[in-house]
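**Q** Heads up: the sequence shown runs through residues 33 to 460, numbered per the working numbering.
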Amino acid sequence: MKLLRLGDRDPSVAEARAAFIHLGFLPVAPRQAAVADNAPITATGPATATTAGAAEPAEPGGQTGATEAERSAAATEPAAATEPAVTADLFDRELDNAVRAFQQSRGLSVDGIIGPDTFRAIEEARRRLGDRLLYFSVTHPFVGDDVTALQERLSNMGFDVGRADGIFGARTDVAVRDFQRNRGLDPDGLCGPRTLRELKRLERTVTGGRPDVLRESVRLLARGPSLLGMVVAIDPGHGGDDPGVTSGPLCERDLMADLASRLEARLLASGLEAHLVHGPHESPSEAERAARANEIGADLLVSLHVDASSSAQAQGVSTYYYGHARGSSAVGERFALLVQREIISRTDMVDCRAHPKTWELLRRTRMPAVQIDLGYLTNAHDVAALASTEFRAAVAEALLAATQRLFLPPEQDPPTGQLRVPRIAART
Ligand SMILES: [Zn+2]
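This is the structure we're talking about:
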């Protein structure tokens with residue numbers, strides 16, 4: 033699809049504008065209503081803003097004649113009357129702000145660009161529970177805010193939907209049928225008017241318990257401190273024809289492939305199971321990567337990337353986990369914080385912290401998952417670090433330590449940087 037950004041003029045900008053008005057990120061625009069030519073003052077709204085701005089400085093000079101001329105010029109300008117219809121097609125500053133606010137609220141990268149991710153999020157955000165019949169479709173699962181609303185309601189009533197991720201999957205299906213059975217309805221898994229009415233009737237006002245988050249933590253604790261047999265999925269961010277970010281002789285694909293194999297070796301040596309999500313000759317889509325991690329039943333997923341910036345000053349390490357304004361993966365967040373802490377304490381990289389995101393990989397994985405952006409290949413300091421094998425070895429060690437810590441009860445958690453991984457694996 034075509035990317036839309038500030039300054040673009042295109043009919044699909046008008047559609048996007050309408051969507052953001054519908055979603056409440058833009059006020060209902062008076063300019064559209066002003067197409068009727070009986071009100072030239074309103075109609076020239078956006079156009080006169082510049083004309084008046086230019087005319088004003090002349091006014092204090094006492095040259096009323098000039099202002100008069102400006103005024104009549106503006107009034108007689110026929111283009112001004114047709115302008116409003118055209119401006120709906122223009123990607124202006126106001127729309128740019130709305131796109132950024134929307135992206136922020138959805139946990140997307142905030143770049144002001146309407147690309148595939150933002151477009152998908154707009155489509156999903158427009159869905160309201162009750163707009164359509166929802167059920168479990170294996171081939172084309174329903175995705176949207178209506179599914180999230182359904183999952184949140186079921187979850188608040190104690191039905192296990194897993195993560196409220198807005199995707200109607202097998203677990204949501206089981207939860208819907210459980211609910212239907214529980215309420216004496218036909219357990220057909222169809223979330224239509226009858227089931228919705230029952231949901232609404234029973235909806236408790238008590239919220240905020242976040243049972244989905246609690247369940248995730250309980251499952252994790254149930255494993256105990258033993259790491260034997262735990263499966264870690266490692267996702268090198270790129271591969272095959274896709275080099276990722278490049279800088280001179282260095283490229284993201286090769287650097288992260290090296291780090292991935294180091295990490296794999298360290299995990300295996302410590303009694304954990306490690307699987308690479310894909311081989312060196314391919315670069316699957318994010319959804320495909322997530323599907324593979326789900327298939328192998330991984331307990332954790334680590335996706336490895338580096339970053340790039342138009343500014344040579346940008347540097348440092350960030351880690352991302354699944355989350356948005358309404359909630360996040362509690363374990364994913366904890367793991368991301370541990371990853372940051374361990375990497376920062378073992379290297380001289382700048383700490384760009386952990387952040388929640390709704391990227392496809394993080395969203396579609398069923399286990400706690402993190403994506404690490406290990407420095408900028410556009411920054412001299414970070415390039416020097418990434419080029420060094422010692423640095424990559426230290427990061428592999430940091431990731432292993434973060435994995436260990438995630439499963440240790442707090443009282444067994446030794447100070448950062450002092451964890452000797454093999455000893456702990458041997459003790460269990
Ligand atoms: Zn990448």
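Ideal Cβ placement from N, Cα and C applies to all residues, glycine included. Bear in mind the structure is a predicted one, so any value in this text is a computation, not a measurement.
Can you name, in chain order, every residue of its own chain whose Cβ lies under 7 Å from the Cβ of P92, other than the five neighbours on each side?
**A** Confidence at P92 is low in this model, with a pLDDT of 41, below 50, so the placement of that residue is unreliable and no value is reported for it.
**Q** Comparing the CB of H337 with every heavy atom of ligand 1, is any distance shorter than 6 Å?
**A** yes
**Q** Go ahead and label R366 buried or exposed: buried means 16 or more other beta carbons lie within 10 angstroms of its beta carbon, across all protein chains shown.
**A** buried
**Q** Please state the DSSP three-state secondary structure of S44.
**A** In the structure shown, S44 sits in a helix (DSSP, three-state: H, G or I).
**Q** At the level of alpha carbons, what is the spacing between L295 and P43?
**A** 49 Å
**Q** What do you reckon, is the C-beta of E184 under 6 Å from a heavy atom of ligand 1?
**A** no
**Q** Per the contact definition of three or more C-beta pairs closer than 8 Å, is the segment 366-383 in contact with the segment 391-406?
**A** Contact between the segment 391-406 and the segment 366-383 is established, with three or more Cβ pairs separated by less than 8 Å.
**Q** My output table needs one value for R138: the three-state DSSP class, helix, strand or coil.
**A** coil
**Q** Since A265 is in the beta strand (DSSP E), which residue starts that stretch and which ends it?
**A** Taken as a continuous stretch (DSSP letters only), the beta strand (DSSP E) holding A265 covers V263 to P268.
**Q** Just mark L336 as buried or exposed, buried being the case when its beta carbon has 16 or more other beta carbons within 10 Å.
**A** buried
**Q** Please report the straight-line C-alpha distance between T435 and T150, rounded to a whole angstrom.
**A** The straight-line gap from Cα to Cα measures roughly 32 Å.
**Q** Please look up how many angstroms separate the CB atoms of L217 and V264, rounded, as I've assumed it's under 8 Å.
**A** About 41 Å separates the two Cβ atoms, so there is no contact after all.
**Q** What is the DSSP secondary structure of A362, reduced to helix, strand or coil?
**A** helix
**Q** Taking H172 as the reference, which of E318, F191 and G201 has the closest Cα?
**A** G201
**Q** Which residues does DSSP list as the beta-bridge partners of L127?
**A** Paired residue(s): none; L127 is not in a bridge.
**Q** Can you look up E305 in the DSSP assignment and give me helix, strand or coil?
**A** strand
**Q** Three-state secondary structure (DSSP) at R159?
**A** coil
**Q** Over what stretch of residues does the beta strand (DSSP E) that includes S350 continue unbroken?
**A** V349 to H356
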